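Residue numbers (our numbering), protein chains in the order written: chain L, 608 to 952; chain C, 2 to 268.
All C-beta atoms, glycine included, are put in the ideal place defined by N, C-alpha and C.
Treat the numbers as computed from the prediction; the structure is a model and nothing was measured.
Okay, so here's the structure we're looking at.
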Ligand SMILES: Nc1ncnc2c1ncn2[C@@H]1O[C@H](COP(=O)(O)OP(=O)(O)O)[C@@H](O)[C@H]1O
Ligand SMILES: [Mg+2]
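What follows is the structure, encoded as structure tokens:
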């Protein structure tokens with residue numbers, strides 16, 4: 608049985624509609640107008656224990672709403688949701704004991720008291736046995752480098768420090784499931800790396816199940832094996848990350864650094880009819896479909912005509928892929944043919 | 002109860018935070034001291050104009066009444082200023098709900114944490130004021146004092162229940178400042194904190210009798226002064242207990258409804 612199972616999960620919000628300006632406010636004061644917003648629209652998915660899932664989508668797609676239903680904070684409008692044998696909003700406290708949550712946009716730390724005291728509160732709230740608490744705290748402090756600000760109140764530490772402390776706090780009780788809602792938002796590369804490394808170690812060592820929403824594609828490649836894409840409340844893709852790359856990211860670009868500007872492009876183009884060739888000063892780039900050609904064949908076609916100093920191959924960017932999915936340039940339904948969708952798009 | 006430890010941890014933290022904000026606490030206290038002085042001078046003038054007892058109160062009794070009202074108002078002041086709409090807007094409710102804690106019990110723990118400190122500060126200030134105004138009436142005996150403390154504890158529970166219920170409106174309306182101010186005004190009048198209920202016209206006293214507010218000041222103050230016979234005292238303690246339990250349960254009910262209606266922000 609999967610650890611998390613959602614069937615037809617739906618959340619509808621009632622949003623007050625107000626026309627702009629004073630007149631709009633007045634009208635709104637006397638007769639309120641509402642409209643329903645379906646933030647999450649009949650989604651189905653299941654997650655096995657130990658999986659790490661990236662939950663992606665543009666702003667307002669319904670990611671946070673889904674996370675809030677998973678954590679039991681929000682009550683679904685309809686559909687069913689079972690997490691580790693419990694319906695989260697019915698057994699909110701029991702569910703809370705088994706999960707860790709990090710909302711990147713806000714902290715769970717107490718603002719006024721030293722970070723270490725927030726951790727001690729977590730120990731009491733989650734009833735963490737003393738020995739386990741001590742071990743985890745020592746280990747996390749070491750990995751996340753928390754020692755230098757442990758005695759400062761959360762109000763006095765930087766965003767990067769806060770996120771590391773938040774992550775520590777979310778994991779002190781060894782939750783089975785970790786929900787991360789944009790955990791690396793606004794952080795610098797070093798902190799991101801430290802956070803990603805830590806999450807990965809939890810997945811590998813403890814088999815923690817991770818559900819991660821993010822706009823940072825580095826997070827996905829570092830942490831997740833599977834990606835689920837939601838747009839407008841509906842899931843538009845659910846599958847393996849590597850497979851997605853294989854299937855849709857057929858393009859490779861090989862860049863040659865030349866000793867001299869090429870005299871003429873004619874012979875190179877003639878040798879590589881299916882490719883898109885561009886030059887920029889001393890650089891020559893060839894975009895090719897890796898299922899049709901090998902990098903070696905490209906090199907063989909280029910080398911006789913120019914003097915190559917160096918070369919480099921660009922892997923497809925997950926970022927590009929996902930952007931294309933959002934923009935509707937790439938259909939991810941399994942049966943839609945993908946003929947050259949990416950080429951030159 | 003094994004769950005007690007987590008709530009006592011919350012209470013302890015809440016007390017600690019009160020200490021951190023001691024300046025603000027002190028300013029708040031100074032504000033209410035001015036208020037007590039104003040009340041003392043006002044009532045002194047009234048009593049000077051009509052020597053003897055007024056509405057059954059002697060001047061030393063009236064002074065005691067005012068100080069008891071001051072003491073009870075000082076308890077849970079921090080919590081009374083709780084504005085849940087801000088917590089909702091800033092997403093703090095969401096983080097609270099992600100924890101294995103009962104929402105109301107956590108609020109109670111954080112409201113109760115500072116109470117011992119609030120109690121001691123108010124008693125100290127009250128003692129100084131009492132000395133400056135030539136002493137106040139004390140409870141007749143230890144038994145009266147003990148029953149008073151029970152009644153004061155229930156007054157605090159009623160206050161908690163009421164503030165919590167009022168806060169729940171934040172789930173359905175946007176700004177709750179107006180509601181909070183309104184609650185404070187109505188509470189000041191009907192609790193007897195401004196004027197003992199005995200001075201009310203009959204119809205207003207009848208209204209006060211069916212509202213929860215009298216249990217917040219009037220009942221404990223009258224018990225302190227020994228103004229009620231034993232059966233009346235028992236009855237009034239019962240009424241207090243009913244309101245305390247009733248409001249706390251109503252708060253739980255409202256919370257349940259709120260969870261469905263909720264629009265928890267952030268993220
Ligand atoms: N509390 C709320 N009340 C009304 N509408 C909401 C509320 N929370 C979210 N929404 C709406 O639901 C949609 C999904 O929001 P959200 O789940 O936060 O998106 P994401 O996290 O993917 O950016 C948005 O259109 C948003 O405006
Ligand atoms: Mg979001």
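Any idea if residue 769 of chain L is buried or exposed, counting beta-carbon neighbours within 10 angstroms, 16 or more meaning buried? Sequence index remark: in the first chain, residue 769 of chain L carries index 162 (1-based). Buried, since its Cβ has 16 or more Cβ neighbours within 10 Å.
By how many angstroms is the C-alpha of residue 170 of chain C removed from the C-alpha of residue 826 of chain L? Counting from one through the first chain, the residue named residue 826 of chain L turns up at place 219. Counting from one through the second chain, the residue named residue 170 of chain C turns up at place 169. The alpha-carbon atoms of residue 826 of chain L and residue 170 of chain C are separated by roughly 40 Å.
Between L:657, L:699, L:623, which has its C-alpha nearest residue 257 of chain C's C-alpha? For the purposes of this step, residue 257 of chain C is identified with residue 256 of the second chain, where counting begins at 1. Closest option to residue 257 of chain C, Cα to Cα, is L:699.
Establish whether the CB of residue 98 of chain C and some CB of chain L are separated by less than 8 Å. On the second chain, residue 98 of chain C is found 97 positions in, with the first residue counted as 1. Yes, residue 98 of chain C lies at the interface with chain L (some Cβ there is under 8 Å from its Cβ).
Residue 193 of chain C in three-state terms, based on DSSP: For the purposes of this step, residue 193 of chain C is identified with residue 192 of the second chain, where counting begins at 1. Note: residue 193 of chain C maps to coil in three-state DSSP.
Between residue 9 of chain C and the rest of its own chain, which residues show a CB-CB distance below 8 Å, the 5 nearest in sequence each way excluded? To locate residue 9 of chain C, count along the second chain from 1; it is residue 8. Correct list, in chain order: 110.
Near ligand 1: residue 670 of chain L beta-carbon under 7 Å from a heavy atom: Translated into positions along the first chain, residue 670 of chain L becomes position 63. Residue 670 of chain L Cβ: within cutoff of ligand 1.
Using a Cβ-Cβ cut-off of 7 Å (strictly less than) and excluding sequence neighbours within five positions of residue 944 of chain L, which residues of its own chain qualify? Indexing the first chain from 1 puts residue 944 of chain L at position 337. Low confidence applies here, because residue 944 of chain L scores a pLDDT of 41, under 50, leaving its location unreliable; read the following figure in that light. Same-chain partners within the cutoff: there are none.
I need the boundaries of the alpha helix (DSSP H) containing residue 623 of chain L, first residue and last residue. Against the first chain, residue 623 of chain L aligns to sequence position 16. Taken as a continuous stretch (DSSP letters only), residue 623 of chain L belongs to no alpha helix (DSSP H), being part of the beta strand (DSSP E) at 611-624.
Please report the straight-line C-alpha distance between residue 21 of chain C and residue 91 of chain C, rounded to a whole angstrom. In the second chain, the residue the question calls residue 21 of chain C occupies position 20. In the second chain, the residue the question calls residue 91 of chain C occupies position 90. Approximately 22 Å between the Cα atoms of the pair.
What does the alpha-carbon distance come out to for the pair residue 628 of chain L and residue 822 of chain L? Locating residue 628 of chain L in the first chain gives position 21, counting from the first residue. Locating residue 822 of chain L in the first chain gives position 215, counting from the first residue. Approximately 33 Å between the Cα atoms of the pair.
Using a Cβ-Cβ cut-off of 7 Å (strictly less than) and excluding sequence neighbours within five positions of residue 916 of chain L, which residues of its own chain qualify? By one-based count along the first chain, residue 916 of chain L stands at place 309. The answer, listed in chain order, is 864, 865, 866.
Residue 841 of chain L - containing beta strand (DSSP E), residue span: Position 234 of the first chain holds residue 841 of chain L. First-last of the beta strand (DSSP E) with residue 841 of chain L: 841-847.
To the nearest angstrom, report how far apart residue 908 of chain L and residue 900 of chain L are at their CA atoms. On the first chain, position 301 is the one that residue 908 of chain L refers to. On the first chain, position 293 is the one that residue 900 of chain L refers to. Taking the straight line joining both Cα atoms gives about 11 Å.
Does the beta carbon of residue 858 of chain L fall short of 7 Å from some heavy atom of ligand 2? In the first chain, counting from the first residue as 1, residue 858 of chain L sits at position 251. Flag unset: Cβ of residue 858 of chain L not near ligand 2.
From residue 759 of chain L to residue 914 of chain L, what distance separates their C-alpha atoms? In the first chain, residue 759 of chain L corresponds to position 152, counting from 1. In the first chain, residue 914 of chain L corresponds to position 307, counting from 1. When rounded, the distance between both Cα atoms is 60 Å.
Residue 720 of chain L touches chain C at which residues, Cβ-Cβ below 8 Å? As a position in the first chain, residue 720 of chain L is number 113, starting the count at 1. Chain C residues near residue 720 of chain L: 14, 17, 18, 21.
Residue 637 of chain L - containing alpha helix (DSSP H), residue span: Mapped onto the first chain, residue 637 of chain L falls at position 30. Where residue 637 of chain L is concerned, the enclosing alpha helix (DSSP H) stretches over 628-637.
Might you give, ordered along the chain, the residues of its own chain that have their beta carbon closer than 8 Å to the beta carbon of residue 942 of chain L, omitting 5 neighbours on each side? The count along the first chain starts at 1 and reaches residue 942 of chain L at position 335. The predicted model places residue 942 of chain L with a pLDDT of 45, which falls under 50 and marks its position as unreliable, so this point remains unresolved.
8 Å Cβ cutoff, residue 819 of chain L in contact with chain C: Your numbering for residue 819 of chain L matches position 212 in the first chain. It does not: the Cβ of residue 819 of chain L has no partner Cβ on chain C nearer than 8 Å.
Regarding residue 788 of chain L and ligand 2, is the C-beta to nearest heavy atom distance less than 7 Å? Indexing the first chain from 1 puts residue 788 of chain L at position 181. Result yes, Cβ under 7 Å from ligand 2.
Contacts that residue 102 of chain C makes with chain L (C-beta to C-beta distance below 9 Å): Taking the second chain and counting its residues from 1, the one referred to as residue 102 of chain C is at position 101. Those within 9 Å of residue 102 of chain C in chain L are 700, 703, 732.
For residue 663 of chain L: DSSP bridge partner residues: Locating residue 663 of chain L in the first chain gives position 56, counting from the first residue. Bridge partners of residue 663 of chain L: L:836.
So with Cβ pairs under 8 Å, would you call residue 260 of chain C a contact of chain D? Of the protein chains in the structure, L and C, none is chain D.
Under 7 Å from any heavy atom of ligand 1, does the C-beta of residue 29 of chain C make it? The residue labelled residue 29 of chain C in the question sits at position 28 within the second chain. Flag unset: Cβ of residue 29 of chain C not near ligand 1.
Tell me which residue opens and which closes the beta strand (DSSP E) that residue 642 of chain L is part of. On the first chain, position 35 is the one that residue 642 of chain L refers to. Run containing residue 642 of chain L: 640-654, per the beta strand (DSSP E) assignment.
Leaving out five residues before and five after residue 248 of chain C in sequence, what residues of the same chain have Cβ atoms less than 7 Å from its Cβ? Here residue 248 of chain C refers to the residue found at position 247 of the second chain. The answer, listed in chain order, is 159, 162, 163, 166, 213.
Residue 609 of chain L to residue 692 of chain L span [Cα, whole Å]: Indexing the first chain from 1 puts residue 609 of chain L at position 2. Indexing the first chain from 1 puts residue 692 of chain L at position 85. The straight-line gap from Cα to Cα measures roughly 9 Å.
Under 7 Å from any heavy atom of ligand 1, does the C-beta of residue 646 of chain L make it? Start at 1 with the first residue of the first chain, and residue 646 of chain L comes out as number 39. Residue 646 of chain L Cβ: within cutoff of ligand 1.
Tell me which residues share the same chain as residue 951 of chain L and place their Cβ nearer than 8 Å to its Cβ, disregarding the 5 neighbours each side in the sequence. Here residue 951 of chain L refers to the residue found at position 344 of the first chain. Residue confidence for residue 951 of chain L is low, a pLDDT of 32 falling below 50, so the modelled location carries little weight and cannot support an answer.
Per DSSP, residue 786 of chain L is paired with what? Along the first chain, read from residue 1 onward, the residue named residue 786 of chain L stands at position 179. According to DSSP, which records beta bridges pairwise, residue 786 of chain L is partnered with L:708, L:818.
Could you give the distance in angstroms between the alpha-carbon of residue 751 of chain L and the alpha-carbon of residue 678 of chain L? Start at 1 with the first residue of the first chain, and residue 751 of chain L comes out as number 144. Start at 1 with the first residue of the first chain, and residue 678 of chain L comes out as number 71. Taking the straight line joining both Cα atoms gives about 25 Å.
Applying a beta-carbon distance threshold of less than 7 Å, which residues of chain C neighbour residue 715 of chain L? One-based indexing of the first chain puts residue 715 of chain L at position 108. Residues of chain C passing the Cβ test: 96.
3-residue-minimum beta strand (DSSP E) runs that sit fully inside the region 54-109 of chain C, ordered along the chain: none
Interface residues of chain C around residue 616 of chain L at Cβ under 9 Å? The residue given as residue 616 of chain L occupies position 9 in the first chain. Within 9 Å Cβ-Cβ: nothing; residue 616 of chain L doesn't reach chain C, min ~16 Å.
Chain-ordered chain L contacts of residue 92 of chain C [CB-CB under 8 Å]: In the second chain, counting from the first residue as 1, residue 92 of chain C sits at position 91. What residue 92 of chain C touches in chain L: 710, 712, 713.
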